[in-house]
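Input: a single structure, listed below in structure tokens.
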Amino acid sequence: MSVVETHELGREFNSKGISIPALENVNLEVNEGEVFGLLGPNGAGKTTLIRILSTLLLPTSGTATIAGYDVASETEKIRPLINMASGAERAGYEFITARQNMWFFSQLYGISNEDFKQRVSTLSSQLELNAYLDKKVYALSTGYRQRMTIARAFINDPRVVFMDEPTIALDVMTARRIREFLASEARDSKRTIFLATHNMAETEAICNRVAIIDKGKILVCETPENLKRNYGVPAYVMEVTPPPNTLEVFTSIPGVKGVTSTLDEERGVARIKLVVKEGGAMERIMKVVAASDITILSSWRQEPTLEEVFVNLVGRGFVERELENAL
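Take a look at the structure:
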């Protein structure tokens, strides 16, 4: 059963008299009990979509509904059914405890003290937060502040929870615990988790379906496996030195669909990942490298990932697209 639906949804912002589209003709259906991933680089429209669905921002065109209620005209019916958390927001009020913070937010939903005690006990156990409930927020580490923020987002027993980069800048163990919690809430409590992220590993680990968004448009929407099967192509990875000043030497080669790179400054080595359309492209790549001052230290073939799906669709990786948008 669909809980979140959008039809031709659009949003524009005005800057100095110029209309800038943030979302264009977004059509989505998100089901009950589903972890739904919205995958895209910064500036792609992920946060704008979440703000509209959580009734914080009005669309400029199209419609969106939560549990059948329209986000523009039935906000008071939607808000008791939803909650949200972001990895970028302030965790709470610094000089009161984690428990007091959660109690404050529970009162905004009219939750009784008895229900609050039961819910905070359950959520704290699931997120391994019990030992930190009575510590003031300013004394908590980043990881435990975020666990509190996640717990707060579930305090009203919502049908839909919107998550905007919930594990950004967290250590590996905390991020893993949060992902396990989100997956279990969808599976066991039939909650819908709407997860906006640009974390590939996070998306593959817990999402039932994934929509890839770029420049405000939904490019594809499928299960992670189907995305890799239908849109992914193998990538060839090379570690080279010295790092090339530009990737144009590779992008201009016939058969190369897209290129991404990362730099290991300590070693002075660049790891270049090339998504190619056909096997003959590798021979041409090797000829170009041989004619340059670049030395290949190692190379290998990598099976498709969601990053390769994105590169295949738009010709750039997330990092390159973000840099492009910043210019």
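Quick note on numbering: the sequence shown equals residues 109 to 435 in the working numbering.
Every residue, glycine too, gets a C-beta built ideally from N, C-alpha and C.
In its own chain, which residues sit with a C-beta less than 8 Å from the C-beta of ALA130, not counting the 5 before and 5 after it? Only ARG119, GLU120, PHE121, GLY153, THR156 and GLY324 meet the Cβ criterion.
Under the DSSP definition of a beta bridge, which residues are partnered with TYR344? LEU382 and ARG409
N- and C-terminal bounds of the beta strand (DSSP E) containing LYS243: Per DSSP, LYS243 belongs to no beta strand (DSSP E) and is neither H nor E.
Who are the Cβ neighbours of SER110 in its own chain at under 7 Å, not counting the five residues just before and after it? For SER110, where only same-chain residues beyond five positions count, the Cβ hits under 7 Å are GLU137, VAL138 and ASN139.
Could you give the C-beta distance for HIS115 and THR163, rounded to a whole number, given that I count them as a contact under 8 Å? Not really, about 17 Å apart at Cβ, beyond 8 Å.
Our contact map puts ASN135 next to ILE326 with C-beta atoms below 8 Å; I'd like the distance itself, whole angstroms only. 7 Å
Give every residue of the same chain whose Cβ lies closer than 6 Å to the Cβ of SER169, excluding the five residues on either side of it in the sequence, and list them in chain order. GLY118
According to DSSP, is ALA319 helix, strand or coil? ALA319 sits in a strand when the DSSP states are folded into three classes.
Drop a sphere of 10 angstroms on the beta-carbon of VAL280, count the other beta-carbons inside from all chains shown, and report buried for 16 or more, exposed for fewer. exposed
Close-in-space but distant-in-sequence residues of the same chain around VAL245 (CB under 8 Å, 5 per side omitted): Closer than 8 Å at Cβ, skipping near neighbours: ALA199, GLY200, TYR201, GLU202, PHE203, ILE204, THR205, ALA206, ASN209, ARG253 and MET256.
Taking only the alpha-carbon atoms, compute the straight-line gap between LEU405 and VAL357 and give it to the nearest angstrom. 18 Å
Would you say LYS365 and VAL383 are within 7 Å of each other, going by their C-beta atoms? yes
May I ask you to report which of helix, strand or coil DSSP gives ARG267? coil
Cut-off 7 Å between Cβ atoms - residues of its own chain near ALA291, not counting five sequence neighbours on either side: VAL143 and ILE314
Mind checking GLY425: buried by the 16 CB within 10 Å criterion, or exposed? Buried is the call here.
Helix, strand or coil, according to DSSP, for GLY251 in the structure here? If DSSP states are grouped into helix, strand and coil, GLY251 belongs with the helices.
What would DSSP say about GLU202, mapped onto helix, strand or coil? DSSP places GLU202 in the coil class of the three-state scheme, outside both helix and strand.
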